[in-house]
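Here is the structure we will look at, set down as structure tokens.
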Amino acid sequence: MNNRLNLTICHPRLSSGKDANTAVLAKSIVPTALPANHVLIKVDRFGFSANNITYQALGEVPHFRYFDFHAVPEDSDSSASTSTHGVTPVWGFGTIVTSTHAAIQTGERVYGYFAPTRFLLFSVAPLDFNRYAFYVSRPHLPEDRRPYNQVTRCSTDPLYDPSPNVEDLTMLYRPLFWTSFWCEDWFHTSKYRGGASRILISSASAKTAFCLAYLIRKRAATDNDGRMSMRQVIGLTSSKNYVFTKNLGLYDHVLNYDEFESAPVLNEPLQKWIYIDVAGNEHLNARIFAHFSDTNRDLAGSVALGLTNLSPSSKSDSADKWTRNEFSQQKSPTNAGTVLYARVASRNGGRCFPWKRSRECKSRRGLTSCKIV
């Protein structure tokens, strides 16, 4: 492994003024001698989708700090540096090629929150492991980022399938599915905000959105509550994604952004609604809240779950609100009275952590307005 070359994809920081869409391939040398309690992982495959574009776009946002998970290699042969570039995280599979940690063996197959690179060097505290996973030491990040530090050991993972096709699907869907799973479970604990019968989801073509639609319908099909069986999931999407979204067969109704206000299902009387915002589009949200300002429409809750409309090359008001926690102050329909705003951020790639309220929670007309961390 002497003088083995490592390559890492780096993206410009928005603050650098460089074109965020122009990636740089940074070169470095793979270390031959590891410090104690370190592992060297050969990254065999990783997924890259719209989810990773969001990581890049939020790389410097103080609340998320996605560029702080992996260091930029200092490479004199490229223009990449820590001050001008960041490494966009990816979910992937790899193999332990060298280990100086007593509990982690060379040859182990692992899955985790990796970098788009050939080799990764991780520090692991002597006791921060179990038979299912070990955890990367990142003391510079807040405690609630720990799920991202988890590296899953495939040999004891009940969900692992070594088929290349299944590994591909796992990298793309597993982190997003858990976000959807926690969100649905959270709604279930409140009986869907007191029995909401209509669930409206923006960016319905996104993986997080349609995984959530699947879970909501699955709950409705298995619950004995009569109101559950009457629950409908309505997806909002663009005209270009309309056919794809409809063909998924996961929504009771699929509506176009351009004309959803006039759709009969959104104008039914005596229905209680929940709105789940996956798009993070301020203009769209304003239209939706205006629609539900009618006294005949009952919006029981609203959850900010994603930012699929976010671009790495532009600043987003929605992204900025995560930092300032302004969702609880956002204007809501006057008839709703009780609108729930939440942030679903932590994904741990396979181990389910319970929901927990942050210290920023505030009581709001009998319900809760908070960021979920």
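Numbering-wise, this note's numbering puts 67 at position 67 of the sequence shown, and it's gapless, one number per residue. All residues carry an ideal CB built from backbone N, CA and C; glycine is no exception.
query: My output table needs one value for S205: the three-state DSSP class, helix, strand or coil.; result: coil
query: For T117, write down the residues that DSSP places opposite it in a beta bridge.; result: T8
query: Compare the C-alpha of F119 against each of N6, E74, A290, Y55 and name the closest.; result: N6
query: What does the Cβ neighbour count give for V151, buried or exposed, with the cut at 16 atoms within 10 Å?; result: buried
query: Is the beta carbon of C154 less than 8 Å from the beta carbon of F177?; result: no
query: Considering only residues of the same chain and omitting the five flanking positions on each side of A290, which have a CB-CB separation below 6 Å?; result: none
query: V90 and G59 - do their beta-carbons sit closer together than 8 Å?; result: no
query: Check each candidate in Y111, C10, Y160, Y55 and name the one with the smallest Cα separation from G86.; result: C10
query: Using CA atoms only, rank isn't needed, just tell me which of P126, V136, Y55 is closest to G306.; result: Y55
query: Pick out the complete beta strand (DSSP E) segments inside the stretch 233-315, 3 residues or longer, and give them in chain order.; result: 253-256, 272-277, 298-304
query: Using alpha carbons as the reference points, say which of P269, V43, I104, N3 lies closest to V30.; result: N3
query: Along the chain, where does the alpha helix (DSSP H) containing L169 start, and where does it finish?; result: 164-189
query: Which value, in whole angstroms, describes the spacing of the CA atoms of Q377 and L159?; result: No statement about residue 377 is possible, as the shown extent of the chain runs from 1 to 373 and does not include it.
query: Please specify which runs of the alpha helix (DSSP H), each continuous and at least 4 residues long, are wholly inside the stretch 26-65, giving them in chain order.; result: 50-57
query: What would DSSP say about R13, mapped onto helix, strand or coil?; result: coil
query: Hey, could you find the ends of the alpha helix (DSSP H) Y132 is sitting in?; result: That residue, Y132, is in no alpha helix (DSSP H); it is neither H nor E in DSSP.
query: Can you list, in chain order, the residues of its chain with a C-beta nearer than 7 Å to that of N149? Leave out the 5 residues immediately preceding and following it.; result: Y135, V136, R138
query: If contacts are defined as beta-carbon pairs under 8 Å, then G92 and R45 qualify, I think. What distance do you get, rounded to the angstrom?; result: 6 Å
query: How many Å lie between F64 and L172 at the Cα?; result: 20 Å
query: Less than 8 Å separating the beta-carbons of H38 and S123?; result: yes
query: So who's on the other strand from F122, going by DSSP bridges?; result: V39
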